[in-house]
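As C-alpha cells, the structure follows; a few thoughts come after it.
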DNA sequence: AACTTAAATAGGAATTATTCTTATTTGAAA
DNA sequence: TTTCAAATAAGAATAATTCCTATTTAAGTT
Ligand SMILES: [Mn+2]
Ligand SMILES: [Mn+2]
Ligand SMILES: [Zn+2]
Ligand SMILES: [Zn+2]
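Protein chains in written order, with our numbering: chain H, 140 to 277; chain L, 140 to 277.
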C-alpha cells in the first residue's frame, strides 16, 4: 500500500480526498480509463466532478505520479507510475498484464544504428493469454 | 507510388476521389492526425466533409489499409499500412521516424515466460534525434 | 484549536471531437 | 447508357474535454 498523501505532497499537490480516491481506484483497477474511473468513484463519492477528474489525471500525469497507457484502438488508460514494464494485451478477454522485459540491447542497437538517443520506451504486445488460447482449442 | 485504386477495390471499397485523396495525403505526410489531414485536404477539396474523413479512416483501418499510430500524449495518427516497423519519436522536434528492429527473440522470450501468444507488437522509443542532440550541445 | 490563504473543487457553460441521419451523388458493373 | 448499392455532403445530435467562477478546503501559522 502506497502512501498517497506523501506522494502528493512530495509533488506539491494538496492531498485532497478526491486525489487520494483517484489514486486508490487506479491502484485497485491496475489500468483504467476516465469513464470507468469516474463511474467507480461516483458510487462512493457522489459529488465528484468530471472536471476534477480530468484536471487531476492531467496534473498527476505531468508530475509522473500517473502514467498514460495508450493501447491501439482503445481509450487512454491510467496506471500508477511504477517500475518500467511492457504490456501484454489479450485480444480475447481484453486483459492487460504488466511484464518486465529487458530490452537494453535492443535500445543500444537502435541508438547506434540511427544516431538517436532513447530516453523512454513504450512496448505493447497483443495476442492471446493462456486462458484464451485454451478456449480456442475446445 | 502505390496504386490506391487497386488497393481500395481489393478491399471491396469504391475508389472514390475522397478516399484516394486521403490515401495520397497520408502517404505524403507519413504520419498525420485527423485535423491536419482534414485541413490539408480541404485546400484542394473544399467540399470534403469531416464525417467522410472519420468514416473512411475507420473503414480503411478496419481493412488494414491504414494503421492507427498511438503515441503517448498525442492525438491518434494514421499511416499507410506497410512493413512492420517501430517508431522513433523525437522529444525535441517532434519528428516521427520509421525504423525496422528485429525483436523476434524478445517476442519468443515473452511468449515462453508468460504463456502468451504474441500476434502483434507496438514499439515506440522516444528521445532525441541527431539534430536535436547536437542543438543541446551548443 | 482557531485563523489565514492559496489551492482545489463542484457545477455548469463553452468548446471540441466524433457519430449519426438523410437527401443527393457517384463508381463501377451490366 | 442504364442501374443501383455504396458513398458523400451537410448539418444535427451526441460525446468528450476544457473553461469559468463562486465556494470550499488542506495545511501552514498563530
Ligand atoms: Mn502497466
Ligand atoms: Mn510508421
Ligand atoms: Zn485472454
Ligand atoms: Zn529532433
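For glycine and all other residues, C-beta sits at the position ideal for the given N, C-alpha and C.
Check                                                                                                                                                                                      : Outcome
Could you tell me which chain H residues have their CB closer than 7 angstroms to the CB of residue 242 of chain L, listed as they occur along the chain?                                  : 245
Could you list which residues in chain H have their beta carbon closer than 7 angstroms to that of residue 169 of chain L, in chain order?                                                 : None at all; the shortest Cβ gap to chain H is about 16 angstroms.
Could you tell me whether any Cβ in chain L is nearer than 7 angstroms to the Cβ of residue 238 of chain H?                                                                                : yes
Report the CB separation of residue 180 of chain L from residue 160 of chain L in whole angstroms; it is logged as a contact under 8 angstroms.                                            : 6 angstroms
When every heavy atom of ligand 2 is checked, does at least one fall within less than 6 angstroms of the C-beta of residue 218 of chain L?                                                 : yes
Which one of L:177, L:199, L:260 has the shortest CA to CA distance from residue 153 of chain L?                                                                                           : L:199
Using only CA atoms, which one of H:230, H:193, H:151, H:223 lies nearest to residue 274 of chain H?                                                                                       : H:230
Hey, how far is the Cα of residue 213 of chain H from the Cα of residue 276 of chain L?                                                                                                    : 39 angstroms
Looking at the structure shown, is residue 254 of chain H part of a helix, part of a strand, or coil, going by DSSP?                                                                       : coil
Counting only beta-carbon atoms, is residue 207 of chain H nearer than 7 angstroms to chain L?                                                                                             : yes
Helix, strand or coil for residue 261 of chain H? Go by DSSP, reduced to three states.                                                                                                     : strand
Could you name the residues that DSSP lists as bridge partners for residue 237 of chain H?                                                                                                 : H:226
Verify the contact flag: residue 233 of chain L, CB atom, against every heavy atom of ligand 3, threshold strictly below 6 angstroms.                                                      : no
Determine the closest residue to residue 188 of chain H out of H:173, H:202, H:201, with distance taken between C-alpha atoms.                                                             : H:173
Would you check whether ligand 5 has a heavy atom nearer than 6 angstroms to the C-beta of residue 257 of chain H?                                                                         : Ligands displayed in this structure: ligand 1, ligand 2, ligand 3 and ligand 4; ligand 5 is not among them.
Do you know offhand how far residue 272 of chain L's Cα is from residue 251 of chain H's?                                                                                                  : 14 angstroms
May I have the straight-line CA-CA distance separating residue 254 of chain H from residue 238 of chain L, to the nearest angstrom?                                                        : 12 angstroms
First and last residue of the beta strand (DSSP E) that includes residue 208 of chain L?                                                                                                   : 205–208
Output needed for residue 222 of chain H: all residues of its chain with C-beta closer than 8 angstroms, excluding positions within five of it in sequence on either side, in chain order. : 239
Using 6 angstroms as the cut-off, classify the Cβ of residue 249 of chain H as near or not near the heavy atoms of ligand 3, replying yes or no.                                           : no
Could you give the residue range of the alpha helix (DSSP H) that holds residue 147 of chain H?                                                                                            : 143–149
For the beta strand (DSSP E) that residue 219 of chain H lies in, which residues bound it at each end?                                                                                     : 216–219
Taking 7 angstroms as the CB-CB cut-off, is residue 272 of chain L touching chain H?                                                                                                       : yes
In terms of residue numbering, what span does the alpha helix (DSSP H) encompassing residue 173 of chain L cover?                                                                          : 173–183
Tell me whether residue 190 of chain L sits in a helix, a strand or coil according to DSSP, three-state version.                                                                           : helix
How would you list, in chain order, the residues of chain H whose beta-carbon sits under 7 angstroms from the beta-carbon of residue 254 of chain L?                                       : 269
Compare the C-beta of residue 195 of chain H against all C-beta atoms of chain L and say whether one is closer than 7 angstroms.                                                           : no
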